[in-house]
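Under the numbering used here, the sequence shown has 128 at position 96, and the numbering climbs by one with no breaks. All C-beta atoms in this analysis are idealised placements derived from N, C-alpha and C, irrespective of residue type, glycine included.
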Amino acid sequence: MIQEIKVKNFMSFKDEITFSFEATKDTFAEDYQVVEVVPGVRLLRFAMVYGANASGKSNLLQVMAFLRYFFSFQPQNANDGTQTIPFLLDKTTPSQPSCFELTFYVGDTKYWYVLKLDTQQVYEEKLYIYKSFQPTMLFHRELTDGVSVIHFNSSALKVSSAEKEKISLECLKNMSVFAARDKVNTRIPEIDLANNWIKKHIMPGIIPTTNLFNYAERRILENPGLHSHIIDFMRKADFNITDISSDIVPQAIPDDYMDFLLSDENIPLQEKERMKKEHTIKQRKTLFEHTVFEEQSAEKYTMLQHQESAGTIRSFGVETTIYECIKNEAFLAIDEMENSLHPQLLKLILLNYLRTKSRSQLLITTHYDPLLNDISKPDDQRIFRKDSVWFTEKKENGHTDVYSLAEFRGLNRLSSIQKAYSKGNFGAYPQIDF
33 MIQEIKVKNF MSFKDEITFS FEATKDTFAE DYQVVEVVPG VRLLRFAMVY
83 GANASGKSNL LQVMAFLRYF FSFQPQNAND GTQTIPFLLD KTTPSQPSCF
133 ELTFYVGDTK YWYVLKLDTQ QVYEEKLYIY KSFQPTMLFH RELTDGVSVI
183 HFNSSALKVS SAEKEKISLE CLKNMSVFAA RDKVNTRIPE IDLANNWIKK
233 HIMPGIIPTT NLFNYAERRI LENPGLHSHI IDFMRKADFN ITDISSDIVP
283 QAIPDDYMDF LLSDENIPLQ EKERMKKEHT IKQRKTLFEH TVFEEQSAEK
333 YTMLQHQESA GTIRSFGVET TIYECIKNEA FLAIDEMENS LHPQLLKLIL
383 LNYLRTKSRS QLLITTHYDP LLNDISKPDD QRIFRKDSVW FTEKKENGHT
433 DVYSLAEFRG LNRLSSIQKA YSKGNFGAYP QIDF
């Protein structure tokens with residue numbers, strides 16, 4: 033689970049900002065929304081970010097998207113760059129390094145990762161493990177005369193000289209040690225534990241234009257448990273959908289399309305031979321069964337994807353992805369989660385997630401501020417914790433400031449968090465001249 037993220041000189045973050053999943057002493061929804069990863073360390077499973085357009089909400093999610101990408105990035109050569117984006121609204125920051133820190137737990141093992149790089153090369157990269165209250169360095173990578181030099185801590189790791197040399201040779205100046213380590217066949221348990229968690233438990237982020245349908249129909253075909261979950265969700269959402277079937281069906285290939293498919297390097301050779309012989313391509317076909325009542329009798333009808341509403345398809349994809357996040361105890365970020373979703377449907381999806389025990393974490397951005405009303409209610413009616421709410425506010429110099437609702441005093445005296453937010457009491461609200 034992620035404990036804390038720090039970033040500086042990346043996208044709209046000029047100065048260092050800190051985003052934390054650490055819970056306050058508030059005991060509301062302790063059993064479901066908080067995980068005590070080790071005694072005394074309580075981490076939140078959910079956080080939502082509010083702010084005006086262009087205030088940096090999406091950029092906060094991009095921090096994790098960039099790290100996820102860079103951990104696996106294997107450039108063809110040292111001149112491919114790192115793909116990082118520094119703060120551009122300043123004369124000096126574009127030529128300065130971007131800095132990232134990620135503190136996270138794999139089970140009950142705590143790690144601290146540090147990365148310092150510009151658009152062309154990594155200047156510093158460090159990984160620490162906590163075997164006590166003090167961190168123990170596992171590796172320290174630095175740039176010396178334009179070459180990446182990796183120092184492994186021999187007192188904490190068992191890595192042979194040959195293995196160290198192989199990893200160092202693979203580690204170009206514009207890639208991570210994790211990516212270089214992936215290219216070397218060896219075992220380094222302490223590093224691999226962190227590396228595997230990063231690769232398998234940080235999911236691709238979702239933005240409003242992300243097409244989740246193909247992913248969802250593939251997963252529902254492979255996972256009977258997911259199928260039952262989605263049908264139950266659709267029933268609760270009142271879509272009158274009573275079943276979803278997804279099968280692989282052959283479709284005829286037009287003659288003028290065959291050459292194009294045969295040139296696709298992503299299609300296995302064996303499948304290409306079958307296509308040439310049978311002149312068909314295997315594609316998924318998903319049908320949504322609707323049950324409606326006509327003159328007191330139930331009638332069933334099926335509809336294809338393009339015949340369903342945007343909200344139905346979006347719900348199908350989002351709920352599938354969150355289900356996978358929960359089952360894999362992963363981290364998932366969703367930008368503008370309310371996109372194409374009715375407010376009540378948005379609340380249903382969030383409630384389903386929050387009421388399921390897991391070590392998963394969900395970070396969303398949203399403009400739908402009525403959700404804040406559920407913080408001001410008595411505990412038996414509340415849904416969200418105060419420490420789950422964060423804000424982004426863009427300063428006059430273009431820098432995005434990030435801060436938590438929990439930092440404000442007197443919240444318990446407010447009858448409506450939403451009204452206080454709309455009055456600008458917490459900042460991070462659009463200042464529009466009508």
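C-beta contact flag for residue i and residue j at 8 Å
i: residue 84; j: residue 461; result: yes
i: residue 207; j: residue 98; result: no
i: residue 363; j: residue 449; result: no
i: residue 91; j: residue 45; result: yes
i: residue 210; j: residue 230; result: yes
i: residue 350; j: residue 272; result: no
i: residue 178; j: residue 158; result: no
i: residue 253; j: residue 316; result: yes
i: residue 203; j: residue 180; result: yes
i: residue 371; j: residue 346; result: yes
i: residue 117; j: residue 43; result: yes
i: residue 137; j: residue 95; result: no
i: residue 386; j: residue 160; result: no
i: residue 218; j: residue 188; result: no
C-alpha gap between residue i and residue j, whole angstroms
i: residue 379; j: residue 403; result: 8 Å
i: residue 249; j: residue 190; result: 44 Å
i: residue 175; j: residue 365; result: 32 Å
i: residue 41; j: residue 151; result: 11 Å
i: residue 215; j: residue 198; result: 9 Å
i: residue 50; j: residue 39; result: 7 Å
i: residue 279; j: residue 243; result: 19 Å
i: residue 283; j: residue 348; result: 25 Å
i: residue 285; j: residue 300; result: 17 Å
i: residue 427; j: residue 397; result: 19 Å
i: residue 412; j: residue 444; result: 15 Å
Residue span of the beta strand (DSSP E) that contains residue i, given as start and end
i: residue 134; result: 130 to 138
i: residue 280; result: 273 to 284
i: residue 418; result: Note, residue 418: premise wrong, no beta strand (DSSP E); not H, not E.
i: residue 160; result: 154 to 162
i: residue 331; result: 329 to 335
i: residue 175; result: 167 to 176
i: residue 440; result: From DSSP, residue 440 is part of no beta strand (DSSP E); its letter is neither H nor E.
i: residue 101; result: Careful: residue 101 lies outside any beta strand (DSSP E), inside the alpha helix (DSSP H) at 89 to 104.
i: residue 293; result: Premise fails: residue 293 lies in the alpha helix (DSSP H), 287 to 294, not in any beta strand (DSSP E).
i: residue 365; result: 363 to 366
Cβ-based neighbour list, residue i, same chain, cut-off 6 Å, excluding 5 preceding and 5 following
i: residue 319; result: 277, 334
i: residue 239; result: 367
i: residue 200; result: 182
i: residue 52; result: 36
i: residue 225; result: 138
Range of the contiguous alpha helix (DSSP H) that encloses residue i
i: residue 43; result: Here residue 43 belongs to no alpha helix (DSSP H), and DSSP marks it neither H nor E.
i: residue 80; result: Run containing residue 80: none in the alpha helix (DSSP H); it sits in the beta strand (DSSP E), 78 to 82.
i: residue 26; result: Since the first and last residues shown for the chain are 33 and 466, residue 26 lies out of range.
i: residue 345; result: 342 to 359
i: residue 474; result: Any question about residue 474 goes unanswered here, given that the chain covers just 33 to 466.
i: residue 476; result: Outside the shown range of the chain, which is 33 to 466, sits residue 476, and nothing can be said about it.
i: residue 212; result: 209 to 214
i: residue 454; result: 449 to 454
i: residue 339; result: Premise fails: residue 339 is in no alpha helix (DSSP H) and is neither H nor E.
Residue nearest to residue i in terms of C-alpha spacing, selected from the options
i: residue 71; options: 219, 164, 93, 340; result: 164
i: residue 79; options: 218, 42, 424, 175; result: 424
i: residue 290; options: 119, 82, 271, 310; result: 310
i: residue 367; options: 88, 65, 44, 66; result: 88
i: residue 269; options: 219, 375, 292; result: 375
i: residue 438; options: 430, 431, 422; result: 422
i: residue 435; options: 459, 455, 236; result: 459
i: residue 256; options: 241, 275, 377, 232; result: 275
i: residue 149; options: 431, 108, 113, 282; result: 113
i: residue 342; options: 354, 48, 125, 373; result: 373
i: residue 261; options: 381, 322, 282, 417; result: 381
i: residue 154; options: 130, 444, 162; result: 130
i: residue 395; options: 57, 60, 62, 93; result: 93
i: residue 62; options: 416, 433, 465; result: 416
i: residue 390; options: 122, 135, 358; result: 358
Own chain partners of residue i with C-beta closer than 7 Å, once the 5 adjacent residues on each side are dropped
i: residue 251; result: 258, 352, 356
i: residue 184; result: 171, 191, 196
i: residue 446; result: 408, 452
i: residue 55; result: 66, 74, 75, 76, 419
i: residue 339; result: none
i: residue 107; result: 204, 206, 207
i: residue 125; result: 41, 46, 118, 119
i: residue 140; result: 69, 70
Interface flag, residue i vs chain B, CB-CB below 8 Å
i: residue 149; result: The structure shown contains no chain B, having only a single protein chain.
Close beta carbons around residue i, own chain, < 8 Å, minus the five adjacent residues each side
i: residue 133; result: 36, 37, 38, 39, 144, 145, 146, 147
i: residue 232; result: 360, 362
beta-carbon residue i near the ligand FMN non-hydrogen atom, thresh 7 Å
i: residue 135; result: Inclusion of the ligand FMN in the displayed structure is not the case, the ligand content being empty and no account of it being possible.
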